[in-house]
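Numbering (full-length UniProt numbering), first residue to last: 1 to 636.
So this is what it looks like as structure tokens:
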């Protein structure tokens, strides 16, 4: 690990020199001379006197360097049957024209634009067009309910909304225009215009203030890139699961560009011209960072996928995309592979596709449970890399750095901190934990470039939410430990640590044990209130397709399995077999919501839930089996 250790130490011991070197690799209009400054609260601000434009760095620069005819974007949409490829020159032209169209609607430097789009190339075009103008985009996941869209419109106060006539899912078409219209009716802020992309699957009727995308783009004059300060906001991204006033993470321009470019080379080992596939959505941070900006800043080809891991048309969808587009590195969430494993437990669809191009598989968004890790490792002849980061950080905090020094993989570990991130584990009194001792995972300031610089319209919330608990440290909200080799293990959110009769136990460890049973496709373990022991764990499991055994016997096996591996101290005595687990659209299991239901609390169905019917099935199972106080819970 010597190469890694040398680079990591440089980034921590002399961050200004280290990040000055990385900044020099971007095409600045005005290179920064002040690399690092601290604001009044002691938080890092990067490159404040530099000027650049990320659209220029992602498109125009590559065209100027002779990459204009290289593919920039492949779009593959099995739900509509369409495919399309745009070269860097074609994408530059369309972005420049759409930026001109937005300017014609009054969008200028510093204005906000809300983008409510499906996974189509135009979503990327809209984002890059905003960056080209120096406007701030806020992408809202296509399909969000009117109320949730309305509160984001009120908070961001956009001049224009960009949307589409519909989104297309496996079994239905979702018209977007009625959702947008209802959101606007509810919102106190009224944008000046709405630009709408008409799709073949559903054509929307335009009303007053609505404009057809194709008509506007065709008539617009191409627009040049507007120089912006490195510290100017590039976008606002509202985090999933927010309640009350939304929490809009603000990302700056210069630091973000530097960090993403660095990560594409050091973490993902990507070179210009190679194909990168991130199976996410532009509504999430992964989509912002690793579908749009990072691949294009590096001069790679990005693959935009409008489909699912399964049923579009089968459990071999990802393998088909990797083979067809010759993907070098693939990035998705563990939940996607658990869905694939459920439908294709033996991985038979792999044999239908030539995956010789694939060199690495990255997973993030939630902890990569060891059973899923081993399932992938046994079937793919490439490194399977668990890495860890957050909406707030914008890029990986811990990873196996394939482009610097590949390291031995440990199941359940995100490997080591990425250079720039001084990751530590603290106990509840703020003392540094010993090796193997679990505690709160924090990042010592200064945070490296690319991390959030604040919360939109709420400067105090950034400090109170992330920096106040341990002064001088960013609180990640995750718990974990570091082993003797310096490997970081993230065990889940700190509120996923339960206290059973005075013993602090990780539900993540129990999930490892339950998920390791050959009949289990996916599981969640939650802690519920108990009058005697404080909390006790309950397991929720989804079985693999084709399971023909007795569920009562299986439940008893799982209870005994936890008793054997962790011990009777865990008090793991109840398992529920369910059809689905409620998740966010980004694939995270809504464990906190499940805990609240089990504890009999009144609960609102979160805006980020992917399938409310999945929640209903779990609630029914809880009540049927008399779990905790679930009979008293109310869904609001």
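All C-beta atoms in this analysis are idealised placements derived from N, C-alpha and C, irrespective of residue type, glycine included. All values reported here derive from a predicted model rather than from experimental measurement.
DSSP places residue 406 outside both helix and strand once states are collapsed to three, so it counts as coil.
For residue 388, the three-state secondary structure derived from DSSP is strand. If only uninterrupted beta strand (DSSP E) runs of at least 3 residues are considered, those enclosed by the region 421 to 493 are 422 to 426, 439 to 444, 473 to 482 and 488 to 493. Secondary structure within the region 313 to 383: the beta strand (DSSP E) runs of 3 or more consecutive residues, fully enclosed, are 329 to 332 and 360 to 363 (chain order). One alpha carbon belongs to residue 56, the other to residue 494, and they sit about 41 Å apart.
Under DSSP, residue 84 takes part in a beta bridge, and its partners are 75. Shortest Cα-Cα distance from residue 134 to any of 110, 115 and 147 involves 110. The region 607 to 618 and the region 555 to 571 do not touch, with fewer than 3 CB-CB distances between them shorter than 8 Å.
Within the UniProt domain "Acetyl-coenzyme A synthetase N-terminal" (4 to 58), the complete beta strand (DSSP E) runs of at least 3 residues fall at 36 to 38 and 44 to 46. Annotated as proximal: residue 138 and residue 236, with beta-carbon spacing under 8 Å.
Shown here, residue 572 sits in coil according to DSSP, grouped into three states, outside any helix or strand. Bounds of the alpha helix (DSSP H) holding residue 262 are 254 to 266. Annotation: the continuous beta strand (DSSP E) that includes residue 499 extends over 497 to 500. A distance below 8 Å separates the beta carbons of residue 334 and residue 366.
Shown here, residue 125 sits in a helix according to DSSP, grouped into three states. The C-beta distance from residue 448 to residue 19 rounds to 7 Å, short enough to fall under 8 Å.
The closest CA to that of residue 384, considering only 400, 106, 319 and 287, is found on 400.
In the three-state DSSP reduction, residue 250 falls in the strand class (E or B). Looking at the backbone, the Cα of residue 520 and that of residue 174 are separated by about 33 Å. Fewer than three beta-carbon pairs drawn from the region 438 to 445 and the region 454 to 464 are found closer than 8 Å, and the two stretches are therefore not classed as touching. With fewer than 16 neighbouring CB atoms inside 10 Å of its own CB, residue 434 falls in the exposed class.
Note on geometry: alpha-carbon atoms of residue 120 and residue 282 lie some 10 Å from one another. The C-beta of residue 522 has 16 or more other C-beta atoms within 10 Å across all chains shown, which makes the residue buried. Counting along the chain, residue 164 sits inside the beta strand (DSSP E) bounded by residues 160 to 164. Contact between residue 153 and residue 195 is ruled out by a C-beta separation of about 15 Å, above the 8 Å threshold. Here the C-alpha atom of residue 79 lies approximately 25 Å from the C-alpha atom of residue 128. Judged by DSSP secondary structure, residue 614 falls outside any beta strand (DSSP E) and instead within the alpha helix (DSSP H) spanning 612 to 624. Counting the other Cβ atoms within 10 Å of the Cβ of residue 546 gives fewer than 16, which makes it exposed.
One Cα belongs to residue 104, the other to residue 252, and the distance between them is close to 25 Å. Between residue 477 and residue 490, the C-beta gap is not smaller than 8 Å, which leaves the two residues out of contact. Note that the C-beta distance between residue 450 and residue 230 is not below 8 Å. Judged by their CB atoms, residue 576 and residue 625 are nearer to each other than the 8 Å cut-off. Burial check for residue 220: the Cβ neighbour count within 10 Å reaches 16 or more, so the residue is buried. Your pair residue 117 and residue 156 does not check out as a contact, with CB atoms roughly 15 Å apart and the cut at 8 Å. Of the candidates 377, 427, 364 and 382, 364 places its Cα closest to the Cα of residue 396. Residue 86 and residue 272 have their C-alpha atoms some 16 Å from each other.
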